[in-house]
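Working notes for the structure below.
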Ligand SMILES: [Fe+2]
Ligand SMILES: [Fe+2]
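Residue numbers (my numbering): 149 to 330.
Spelled out as structure tokens, the structure:
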């Protein structure tokens, strides 16, 4: 059983309905060819940007659901919060973390809007996920949840290589559920 660092409830320990609902909520995003390119980028040293977004989306999903918030839009916004397709160590941003921190939420939002319908909650989650850094603070409760989930996952990812896969990749989850349900 995969154990999630720093969490009582892991994806694989969640009930099947919750896991399947999460998959159904984000599968059009994860299935998009352009979005799959996030797997090419290392993120927070120990993982990929794809896995990081999946981690943040999962925590956002279960936390917002428990709180009675718009958990579907929040999870979709979380999946797209770092949807930028460049290496943050590229020359343009090297030595200037501030520029990258200010810049990438808008790039992610632009990329998200090219491929998916983005509602107000999603936009809030994407645009202000860097709070208190960045260009403003979230306007929605869901946006605040994403800021916390992002920092929580980032701290786990930076802190230990073991956290590289807080949430198993979707293929693993699907295989697991197929076995469990058959
Ligand atoms: Fe970010
Ligand atoms: Fe992030």
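Where a beta carbon is used, it is the ideal one built from N, C-alpha and C, also for glycine.
A quick note: this is a predicted structure, and the numbers were derived from the prediction, not measured.
- When DSSP states are grouped into helix, strand and coil, residue 195 belongs to the strand group.
- A residue is called buried when at least 16 other Cβ atoms come within 10 angstroms of its Cβ; residue 220 meets this threshold and is buried.
- Residues lining ligand 2 by the Cβ criterion, that is a Cβ closer than 5 angstroms to any of its heavy atoms, are 230 and 298 in chain order.
- Distance from residue 170 to residue 231 at the Cβ level is roughly 18 angstroms; contact not present, criterion being Cβ atoms closer than 8 angstroms.
- From the listed residues 267, 248 and 289, the smallest Cα separation to residue 234 is found for 248.
- Excluding sequence positions up to five before and after residue 266, its CB lies within less than 6 angstroms of the CB of 260, all in the same chain and listed in chain order.
- In the three-state reduction of the DSSP assignment, residue 190 falls in the strand class.
- Boundaries of the alpha helix (DSSP H) around residue 176: 164-178.
- Contact between the stretch 177-190 and the stretch 273-288 is not established, with fewer than three Cβ pairs separated by less than 8 angstroms.
- Residues of the same chain with a CB within less than 6 angstroms of the CB of residue 186, apart from the 5 flanking positions on each side, are 197 and 198 in chain order.
- If you look at residue 224, you'll find it in the alpha helix (DSSP H) that goes 219-228.
- Residue burial is scored here from C-beta neighbours: residue 269 has at least 16 other C-beta atoms within 10 angstroms and is therefore classed as buried.
- Ranked by Cα distance from residue 175, the first of 228, 273, 282 and 272 is 228.
- Inclusion of residue 305 and residue 194 in the CB contact set at 8 angstroms is warranted, their separation being smaller than that value.
- In this structure, residue 277 has its CB closer than 7 angstroms to one or more heavy atoms of ligand 1.
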